[in-house]
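Trainee:
Residue numbers (full-length UniProt numbering), protein chains in the order written: chain P, 1 to 278; chain V, 1 to 602.
#1: Can you find the residues in the same chain that come closer than 8 Å, C-beta to C-beta, to residue 89 of chain V, ignoring five residues on each side of it along the sequence?
#2: Enumerate in chain order the residues of its own chain whose CB-to-CB distance from residue 230 of chain V is below 7 Å, with the five nearest sequence positions on each side excluded.
#3: The ligand ATP heavy atoms versus the CB of residue 577 of chain V: any closer than 7 Å?
#4: By DSSP, does residue 71 of chain P sit in helix, in strand, or in coil?
#5: Here's the rule I'm using: 16 or more other beta-carbon atoms within 10 Å means buried, otherwise exposed. How should residue 61 of chain V be labelled?
#6: Tell me the residue span of the beta strand (DSSP E) that contains residue 228 of chain P.
#7: Under a Cβ-count criterion, where at least 16 other Cβ atoms within 10 Å of its own Cβ denotes burial, should residue 147 of chain P be classed as buried or exposed?
#8: Determine which residues share a DSSP beta bridge with residue 607 of chain V and list them.
#9: Helix, strand or coil: how does DSSP classify residue 330 of chain V here?
#10: Could you pull the DSSP bridge partners for residue 608 of chain V from this structure?
#11: On a Cα-Cα basis, can you pick out the residue from V:93, V:101, V:140 that is closest to residue 108 of chain V?
#12: Check whether the Cβ of residue 249 of chain P lies closer than 8 Å to any Cβ atom in chain V.
#13: Closest to residue 486 of chain V by C-alpha separation, out of V:301, V:567, V:547, V:462, would be which residue?
#14: Using the beta-carbon of each residue, which ones in chain V are nearer than 9 Å to residue 256 of chain P?
#15: Suppose you measure from the CA of residue 59 of chain P to the CA of residue 258 of chain P; what does that come to, to the nearest Å?
#16: Measuring only the C-alpha atoms, how far is residue 337 of chain V from residue 407 of chain V?
#17: Under a three-way DSSP split, which group does residue 186 of chain P fall into?
#18: Can you grab the Cα-Cα spacing for the pair residue 69 of chain P / residue 449 of chain V, in whole Å?
#19: So the alpha helix (DSSP H) residue 83 of chain V belongs to, where does it begin and stop?
#20: Is the separation between the beta-carbon of residue 241 of chain P and that of residue 234 of chain P shorter than 8 Å?
#21: How would you label residue 141 of chain P, buried or exposed, when you count the other beta carbons within 10 angstroms and need 16 or more for buried?
#22: Could you give the uninterrupted runs of the alpha helix (DSSP H) lying entirely in the segment 49-84 of chain V, keeping only those of 4 residues or more?
#23: Counting Cβ pairs, one atom from each stretch, are 3 or more of them under 8 Å apart for the segment 248-261 of chain V and the segment 378-388 of chain V?
#24: Can you tell me whether residue 490 of chain V is buried or exposed, with buried defined as 16 or more other CB within 10 angstroms of its CB?
#25: Is the Cβ of residue 52 of chain P closer than 8 Å to any Cβ of chain V?
#26: Any idea what DSSP makes of residue 260 of chain P, helix, strand or coil?
#27: For residue 170 of chain V, which residues of its own chain have a beta-carbon under 8 Å away from its beta-carbon, when the five flanking residues on both sides are left out?
#28: Start and end of the alpha helix (DSSP H) containing residue 252 of chain V?
#29: Rounded to the nearest angstrom, how far is the Cβ of residue 7 of chain P from that of residue 163 of chain P, given a contact under 8 Å?
#30: Is the segment 441-459 of chain V in contact with the segment 304-312 of chain V, if contact means three or more CB pairs nearer than 8 Å?
#31: What residues are listed by DSSP as bridge partners for residue 555 of chain V?
#32: Is any beta-carbon of chain V found at less than 8 Å from that of residue 315 of chain P?
#33: Going by DSSP, which residues form a beta bridge with residue 98 of chain V?
#34: For residue 376 of chain V, which of V:583, V:136, V:422, V:246 has the nearest alpha-carbon?
#35: Residues of chain P with CB under 8 Å from residue 446 of chain V, in chain order?
#36: Look up residue 57 of chain P in the DSSP assignment and give the residues it is bridged to.
Quick look at the structure:
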């Protein structure tokens, strides 16, 4: 199993959907796209075996991956789409309220530089209701950053640790994220990221605004934030046209490409799973 | 040789004493079906060239003269027809005219090696002169750019057979090379073309006739698509070809060029009467079939399709059905041919097989979902308590047409009496399609790591059905039995597939014709698979090395920690618990032993 398949508990979500239970998921015969991106669906810099299947979120990503030389690429949809299928929205115990705000994060090997105070002011000016700020785990552990948002009167949450090199994966990461999203009316971020698409799919009104911040040593291969703004202008702004956003999210998360459990087992190489003991 | 001749055999000179043109392949059943509509009882018919046994059968009530060049053929015909003339075309009795002249083997086979050569146009002129005013000529012309030539493993110009004492070249201006030139030549000899058919799959073996004016209709149609696919797949089975003739023919159909690429053409042209009247002609244009083809797949009885104000209709055959109808079964069989089918309207629409292949190539998964869900929902709608029977149960994607949201069985000749679960019916159709998709080397939206059964399950998922390999297994077992039953006496291009269906892998070449292109593509797929596995092995080796290092580091850490004071204190503290657990396990073990001894003693 490629270690990136474990990120955010993706393999666990897929295994649960595929009917393999809550145990440790079997090895996946391929690489599952682990986040929305504007490249070939795979994280740059990771070692991959040529010809091993790329299991991607959307048809657009598949075309892009093919055009840059990837083969054996197929669309299965995002693991979050499978989570939605296994976790239908329960009857609300209390009405949705407020905004869940995702300040852009890199992963733990990257560093984001930007003015959090300026961003906080912008959020205060824009968001009509209470705000929950979801920090990435290593920012959540940075007391200085956390305090900034806490002092602004925002509720602070962290969905968990995505895991790295087969350790520390939180199998309930996406479950926790879905539950949080379903508590809120809006989802917002300063960059168009997976979380925004997840939020739209979970029934939130999206918004993308504020300083997108700068990622140290950001890989410019795929065009960066400028390209994202050019290609998805409909998804940038404080108030967006919801039906358009829903349609785009549906395509980007590959909701319509979701396979039934038996077909998913075949695509992931789980039709006759080997027992793993770890 | 003998100089004794049967009373109705004429030897005017120019015969070939030891020569025989008797075809070694089965008769031209579609031509016979067509001729049965043209030659009324008592008509004077001239069969010029190799006599087709199927034609002789349908011309029984007519007054038939055969013009053959080989004496052995004449001896075989004596007594079966009114008269046999053994000669080249010059040997035809001067001034004798016929209602219908048939040159079903083309004009080359009419000319003898003896005497002066007339050439193609000379032979045509002589035969045309034998057509009475109001009568007609039915002529085959081979296409120098037909599918058979495009896929031939050897060049047409390398001919060394006994019959190729000359090889017609491209510069032979008297020989027409396309339908327009043929029309002009016929006009030159006073004939007017009424109808033209494209004959597939090979010049020497016609199993389908398709009206050329219908072949140019934009978008093709499901009936012609299926007819060309089946005819070319069966017609070239086990032959070595450069490329898949069925793919080429179907591509030509959708490009509006299936008539241009036909291996041969069959043309019907009449000689107008002096006053231009056509009242005494046995045929009328509205009675010409748009297609003559075998029902129920290759080898089946030949039927015609006619155009009516209500659309295309299957028409009962004029020739009694003598195809390889399976023997009546003592017990219920898995499938049987319906003697009354096909009948009634031909459903319009496009062939589901072609639509699915197109969707796969375009990676249009939304369209594939619509098509396959439409098919699966249609099956559900036909089902009674989750099971389907009849033609619906047996029709594969190569026998289903789709028009809008409507799905229909194209040719309901084969029926299942026993009901089958919808999922198994669907899985069988999808498994057959998956075999074609993978072994045919078609690009598709899914990964190469899927085997045929896995791809079938995925296709089932695209159809919105969640069945697994156990259902596919049932479907494949059923397919093996069905293939043996429905094959009848026909050559089965999929024989190697049906013999051991589970052994088919995506890197195999497709069943049917042995195409160089398909064999090379299969080799490339195998090479790609080897490359993928090598890369995976190398990556896995590196990963294993990395994980072994991690394991060694972890073991070293454990060793280090197990020597610490804290570890020893903790181990000492947990000793009573460990001893208690060990004791409990021993007691349990002894109790189990005692129980088993007691059971053994009793």
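Note that the Cβ used here is the ideal one computed from N, Cα and C, for glycine as well.
Mentor: According to the structure data:
#1: Taking the first residue of the second chain as 1, we reach residue 89 of chain V at position 89. Here the set comprises 48, 67, 110, 111, 118, 122, 123, 126, 127.
#2: Reading the second chain from its first residue, position 230 is the one you call residue 230 of chain V. Once the five neighbours on either side are set aside, the close Cβ partners of residue 230 of chain V are 297, 298.
#3: No copy of the ligand ATP appears in this structure; indeed no ligand is present at all.
#4: Position 71 of the first chain, counted from the first residue, corresponds to residue 71 of chain P. Residue 71 of chain P: coil per DSSP, three-state reduction.
#5: Within the second chain, residue 61 of chain V is the residue found at index 61, counting from 1. Its Cβ having fewer than 16 others within 10 Å, residue 61 of chain V is exposed.
#6: As a working mapping, residue 228 of chain P is identified with position 228 in the first chain. Here residue 228 of chain P belongs to no beta strand (DSSP E); instead the alpha helix (DSSP H) covers 224-231.
#7: The residue given as residue 147 of chain P occupies position 147 in the first chain. Residue 147 of chain P comes out exposed.
#8: Residue coverage of chain V in this structure runs from 1 to 602, which leaves residue 607 of chain V outside it and unanswerable.
#9: As a working mapping, residue 330 of chain V is identified with position 330 in the second chain. Because residue 330 of chain V sits at a pLDDT of 40, beneath the cut-off of 50, its placement in the model cannot be relied upon, and the following sentence gives the value as read from the coordinates. Under the three-state reduction of DSSP output, residue 330 of chain V falls in the coil class, being neither helix nor strand.
#10: With chain V represented from 1 up to 602, any question about residue 608 of chain V goes unanswered, as that position is not in the structure.
#11: Counting from 1 along the second chain, the entry for residue 108 of chain V is found at position 108. With distances taken between Cα atoms, residue 108 of chain V lies closest to V:140.
#12: The residue given as residue 249 of chain P occupies position 249 in the first chain. No - not a single Cβ of chain V is within 8 Å of the one on residue 249 of chain P.
#13: What you label residue 486 of chain V is simply residue 486 of the second chain in a count that begins at 1. Ranking V:301, V:567, V:547, V:462 by Cα distance to residue 486 of chain V puts V:301 first.
#14: The residue you call residue 256 of chain P lines up with position 256 of the first chain. Within 9 Å Cβ-Cβ: 365, 366, 369.
#15: Here residue 59 of chain P refers to the residue found at position 59 of the first chain. Here residue 258 of chain P refers to the residue found at position 258 of the first chain. C-alpha separation (whole angstroms): 12 Å.
#16: The residue given as residue 337 of chain V occupies position 337 in the second chain. The residue given as residue 407 of chain V occupies position 407 in the second chain. Roughly 22 Å separates the two Cα atoms.
#17: Taking the first residue of the first chain as position 1, residue 186 of chain P is located at position 186. Residue 186 of chain P falls in the strand class under three-state DSSP.
#18: Start at 1 with the first residue of the first chain, and residue 69 of chain P comes out as number 69. Start at 1 with the first residue of the second chain, and residue 449 of chain V comes out as number 449. Each residue's alpha carbon lies about 18 Å from the other.
#19: The residue labelled residue 83 of chain V in the question sits at position 83 within the second chain. Residue 83 of chain V -> not in any alpha helix (DSSP H); beta strand (DSSP E) instead, spanning 83-86.
#20: Position 241 of the first chain, counting from 1, holds the residue named residue 241 of chain P. Position 234 of the first chain, counting from 1, holds the residue named residue 234 of chain P. Result yes, Cβ atoms of residue 241 of chain P and residue 234 of chain P sit closer than 8 Å.
#21: Counting from 1 along the first chain, the entry for residue 141 of chain P is found at position 141. Label assigned to residue 141 of chain P: exposed.
#22: 53-58, 71-77
#23: Contact fails: fewer than three Cβ-Cβ distances are below 8 Å.
#24: One-based indexing of the second chain puts residue 490 of chain V at position 490. The predicted position of residue 490 of chain V is uncertain, since its pLDDT is 48 and thus under 50; no value can be drawn from it.
#25: Position 52 of the first chain, counted from the first residue, corresponds to residue 52 of chain P. Answer yes: the Cβ-Cβ gap between residue 52 of chain P and chain V drops below 8 Å somewhere.
#26: Here the question's residue 260 of chain P lines up with position 260 in the first chain. Of the three classes helix, strand and coil, the one that applies to residue 260 of chain P here is coil, per DSSP.
#27: Taking the second chain and counting its residues from 1, one reaches residue 170 of chain V at position 170. Here the set comprises 144, 177.
#28: In the second chain, counting from the first residue as 1, residue 252 of chain V sits at position 252. Where residue 252 of chain V is concerned, the enclosing alpha helix (DSSP H) stretches over 245-254.
#29: Along the first chain, read from residue 1 onward, the residue named residue 7 of chain P stands at position 7. Along the first chain, read from residue 1 onward, the residue named residue 163 of chain P stands at position 163. 6 Å between Cβ atoms; contact.
#30: Segments in contact, no.
#31: Locating residue 555 of chain V in the second chain gives position 555, counting from the first residue. Note: residue 555 of chain V is not bridge-paired with any residue in the DSSP secondary-structure output.
#32: Limits of chain P in this structure are 1 at one end and 278 at the other, which puts residue 315 of chain P out of reach.
#33: Reading the second chain from its first residue, position 98 is the one you call residue 98 of chain V. According to DSSP, residue 98 of chain V bridges with V:131.
#34: Counting from one through the second chain, the residue named residue 376 of chain V turns up at place 376. That would be V:422, whose Cα lies nearest to the Cα of residue 376 of chain V.
#35: The residue you call residue 446 of chain V lines up with position 446 of the second chain. Here the neighbours are 74, 267.
#36: For the purposes of this step, residue 57 of chain P is taken as the residue at position 57 of the first chain. Per DSSP, none; premise fails for residue 57 of chain P.
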